[in-house]
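**Q** Take the sequence shown: its position 6, counted from the start at 1, is 6 in UniProt numbering, and no numbers get skipped.
Built from N, CA and C at the ideal position, the CB exists for glycine as well.
The structure that follows is given in the form of structure tokens.
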Amino acid sequence: MRHGKKFNHLGRTASHRSALLSNMACSLIEHKRINTTVAKAKALRVYVEPLLTKAKEDTTHNRRIVFSYLQSKEAVTELFRTIAPKIAERNGGYTRIIKTGFRPGDAADTALIELVDFNELYNPNAEEKKATRRSRRSTTAKKAETVVADAPKVEEKIEEPKADSTEEKTEE
């Protein structure tokens, strides 16, 4: 009986499950978001969040512990160099799971799992871009209006210069 055993075995042996989660964790660290099934995403979150917590403190011991789980030097380097500084202030909840519907082949429930601090759309701590108000009118019409509005009002009638015949002769 499996009383109190909440670990999802994902229908795999222990070694297969370990390799699966290790590879998925490396992909998540490298790409910052991956598409998978909901069950694998939930298992991956339990697997990768303690590693992200370890990465906050860059020591040789923590690097070796994380490497024992990931088995990828590139993933460990990426984790400690780029991801750890961004999640340093966060107390947990480094990943987000967004359900994306059903897979066409077998109707499996799919999800997108991503690192929260690397999503520009949902990140409230990101630098907010100042919204610019845009008009439907062209920019040349706006410029002409501002020039006309800023120019002093002159009531004189401006005459166009007449072409002299002497200028035409000198050009020839």
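My understanding is that E114 touches R96, with C-beta atoms under 8 Å, so please give their C-beta distance in whole angstroms.
**A** Rounded, the Cβ-Cβ distance is 5 Å, consistent with contact.
**Q** Give the secondary structure of K99 by DSSP, where H, G and I count as helix, E and B as strand, and everything else as coil.
**A** In the structure shown, K99 sits in a strand (DSSP, three-state: E or B).
**Q** Which residues does DSSP list as the beta-bridge partners of I113?
**A** Partner(s): I34, I97.
**Q** In the DSSP assignment, find the alpha helix (DSSP H) that holds A75 and state where it starts and stops.
**A** Taken as a continuous stretch (DSSP letters only), the alpha helix (DSSP H) holding A75 covers 73-78.
**Q** Determine the DSSP secondary structure at T13, reduced to helix, strand or coil.
**A** T13 falls in the coil class under three-state DSSP.
**Q** Apart from the five residues on each side of it in sequence, which residues of its chain come closer than 7 Å, Cβ to Cβ, to A43?
**A** Answer for A43: N8, L10, L21, listed in chain order.
**Q** Rounded to whole angstroms, how far is the Cβ of G81 from the Cβ of D117, which I believe are closer than 8 Å?
**A** In the sequence under discussion, the amino acid at residue 81 is Arg, which differs from the Gly named in the question. With 8 Å as the limit, R81 and D117 do not qualify as a contact, their Cβ atoms being about 14 Å apart.
**Q** Can you give the beta carbon distance from A41 to A111, rounded, assuming they're within the 8 Å contact cut?
**A** Confirmed, Cβ separation roughly 4 Å.
**Q** Extract the residue ranges of the alpha helix (DSSP H) inside the segment 38-74, only unbroken runs of 4 or more that lie entirely within it.
**A** If we require 4 residues or more, the alpha helix (DSSP H) runs fully inside the segment 38-74 come out as 38-55, 60-70.
**Q** Closest by CA to R103, which one among G93, A88, N35?
**A** Residue N35 is the option with its Cα nearest to R103.
**Q** Taking the alpha carbon of G101 as the reference point, which residue from T37, A19, S15, H3 has its own alpha carbon closest?
**A** That would be T37, whose Cα lies nearest to the Cα of G101.
**Q** Roughly how many whole angstroms lie between the Cα atoms of V66 and I83?
**A** Their backbone Cα atoms lie some 13 Å apart in a straight line.
**Q** To the nearest angstrom, how far is it from the Cα of C26 to the Cα of L70?
**A** Going from the Cα of C26 to the Cα of L70 covers about 6 Å.
**Q** Would you call the CB atoms of I87 and L52 closer than 8 Å?
**A** Cβ distance < 8 Å, so I87 and L52 count as in contact.
**Q** Would DSSP call R2 helix, strand or coil?
**A** In the structure shown, R2 sits in coil (DSSP, three-state: anything other than H, G, I, E or B).
**Q** Does DSSP put F7 in a helix, a strand or coil?
**A** Coil.
**Q** With a 10 Å radius around its C-beta and 16 neighbouring C-beta atoms as the bar for buried, classify A55 as buried or exposed.
**A** Burial call: buried.
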